[in-house]
Amino acid sequence: MSGHQQTIPTYALAVDCVLFGAADTSLEILLVRRGVAPFADAWALPGGLVQPDETLEQAVLRELREETAVEPDFLEQLYTFGDPGRDPRGRVVSVAHLGLVRPERYPPAGATDAVEARWWPVSELPPLAFDHARIVEVGRTRLQGKVRYQPIGFDLLPARFTLTQLQSLYEVVLERSLDKRNFRRKVLKTGLLVDTGDKVENVRHRPPKLYTFDEARYRELEQQGHLFEL
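Residues 39 to 268 (the numbering used here) are what the sequence shown spells out, left to right.
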């Protein structure tokens with residue numbers, strides 16, 4: 039090994055966020071319309087360069103606040119994207135994150151270098167800047183895998199929900215139909231749903247029950263080694 043000091047090349051580090059939300063029977067992603075070059079006026083994932091004095095999570099939360107005014111209910115690192123030509127400005131490595139939020143809690147508002155922020159149905163996304171289409175696909179694959187063994191789907195639902203709403207969410211995330219009786223049997227068997235004693239009001243048919251997710255019970259079972267699986 040040479041005794042000469044190695045020269046460290048200049049790279050930029052960025053974060054991007056695939057932020058999912060659920061609206062009725064559709065799965066949506068929060069996008070921003072860029073107000074600056076490159077890809078000015080194009081749609082992209084929220085994100086930007088990491089500042090020297092912040093962690094990756096701090097950076098992605100800051101970018102979400104600045105560009106969309108949204109705070110995620112769930113956030114985790116997704117994947118690192120570092121193809122040399124992914125950014126025309128130079129060598130930029132992005133640590134993408136997966137986020138979940140209930141859209142009704144945070145109406146998006148574009149700011150800083152984002153002209154506009156809005157929710158887009160996953161099935162109707164516009165052309166995306168950079169390599170963000172690829173990042174979205176990796177995020178969708180991760181989401182589909184995680185909802186099978188971790189109850190993150192509840193971060194996309196209202197605080198109180200019906201079994202029909204829960205099943206519709208899983209169907210739209212997994213992109214397939216689920217047997218109603220089998221799904222309800224499995225989800226009630228987990229013991230993680232709490233019957234609120236209330237029902238949906240002002241409906242013509244038999245009003246469905248409203249449930250909440252018992253997160254404390256889930257954490258307790260998780261500590262005991264029990265697995266969540268649907």
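For glycine and all other residues, C-beta sits at the position ideal for the given N, C-alpha and C.
Quick one: Cα of residue 128 to Cα of residue 251, how far?
-> Against the sequence shown, residue 128 aligns to sequence position 90. Against the sequence shown, residue 251 aligns to sequence position 213. Computed Cα separation, rounded: 45 angstroms.
Nearest residue (CA-CA) to residue 136, options 253, 222, 84, 234 | In the sequence shown, residue 136 corresponds to position 98, counting from 1. Measuring from the Cα of residue 136, the nearest candidate turns out to be 84.
Residue 195 to residue 179, Cα distance in whole Å?
-> Here residue 195 corresponds to residue number 157 of the sequence shown, with the count starting at 1. Here residue 179 corresponds to residue number 141 of the sequence shown, with the count starting at 1. Spanning the two alpha carbons is a distance of roughly 20 angstroms.
What number of angstroms, rounded off, separates the C-alpha of residue 264 from the C-alpha of residue 211?
-> Numbered from its first residue, the sequence shown carries residue 264 at position 226. Numbered from its first residue, the sequence shown carries residue 211 at position 173. Each residue's alpha carbon lies about 24 angstroms from the other.
Which runs of the alpha helix (DSSP H) spanning at least 4 residues fall entirely within the region 59–140, listed in chain order?
-> Qualifying alpha helix (DSSP H) stretches, in chain order: 94–106.
Could you give the C-beta distance for residue 134 and residue 119, rounded to a whole number, given that I count them as a contact under 8 angstroms?
-> In the sequence shown, the residue the question calls residue 134 occupies position 96. In the sequence shown, the residue the question calls residue 119 occupies position 81. Contact flag correct, Cβ pair sits at about 6 angstroms.
Reduced DSSP secondary structure (H/G/I, E/B, other) of residue 269 = Shown here, the chain extends from 39 to 268; a query on residue 269 therefore has no answer.
Out of curiosity, what's the CA-to-CA distance linking residue 108 and residue 229?
-> Here residue 108 refers to the residue found at position 70 of the sequence shown. Here residue 229 refers to the residue found at position 191 of the sequence shown. Taking the CA atoms as reference points, residue 108 sits about 31 angstroms from residue 229.
Inter-residue Cα distance where the pair is residue 124 and residue 89 = Here residue 124 refers to the residue found at position 86 when the sequence shown is read from its first residue. Here residue 89 refers to the residue found at position 51 when the sequence shown is read from its first residue. Cα atoms of residue 124 and residue 89: separation of roughly 20 angstroms, rounded to the nearest angstrom.
Tell me whether residue 183 sits in a helix, a strand or coil according to DSSP, three-state version.
-> Here residue 183 is taken as the residue at index 145 of the sequence shown, counted from 1. Helix.
Going straight from the alpha carbon of residue 51 to that of residue 268, what length do you get?
-> Within the sequence shown, the letter at position 13 stands for residue 51. Within the sequence shown, the letter at position 230 stands for residue 268. So the alpha carbons of these two residues sit roughly 37 angstroms apart.
How would you call residue 271, buried or exposed, if buried means at least 16 neighbouring beta carbons within 10 angstroms?
-> It is not possible to answer for residue 271, since the shown part of the chain is limited to 39 through 268.
Sub-7 angstroms separation of residue 154 and residue 71 beta-carbons | The sequence position of residue 154 within the sequence shown is 116, counting from 1. The sequence position of residue 71 within the sequence shown is 33, counting from 1. Residue 154 places its beta carbon less than 7 angstroms from that of residue 71.
Between the CA atoms of residue 167 and residue 232 - distance to the nearest angstrom | Here residue 232 refers to the residue found at position 194 when the sequence shown is read from its first residue. Here residue 167 refers to the residue found at position 129 when the sequence shown is read from its first residue. Answer to the nearest angstrom: the Cα atoms are 43 angstroms apart.
Would you mind listing the beta strand (DSSP E) stretches within the region 195–263 that are 3+ residues and don't spill past its ends, in chain order?
-> Listed in chain order, the beta strand (DSSP E) elements of length 3 or more contained wholly in the region 195–263 are 231–237, 247–251.
Please go through the same chain and pick out, in chain order, the residues whose beta-carbon is closer than 7 angstroms to the beta-carbon of residue 138, but skip the five residues on each side of it.
-> Here residue 138 refers to the residue found at position 100 of the sequence shown. Contacts found: 58, 110, 111, 112, 190, 193, 194.
Do you know how far the Cα of residue 187 is from the Cα of residue 223?
-> To locate residue 223, count along the sequence shown from 1; it is residue 185. To locate residue 187, count along the sequence shown from 1; it is residue 149. In this structure, the CA atom of residue 223 is about 16 angstroms from the CA atom of residue 187.
Buried or exposed (CB count within 10 angstroms, at least 16 for buried), residue 75 = Locating residue 75 in the sequence shown gives position 37, where the first residue counts as 1. By the 10 Å Cβ count, residue 75 comes out exposed.
By Cβ distance, which residues of its chain are closer than 8 angstroms to residue 227, with the 5 residues on each side in sequence left out?
-> In the sequence shown, residue 227 corresponds to position 189, counting from 1. There are no such residues.
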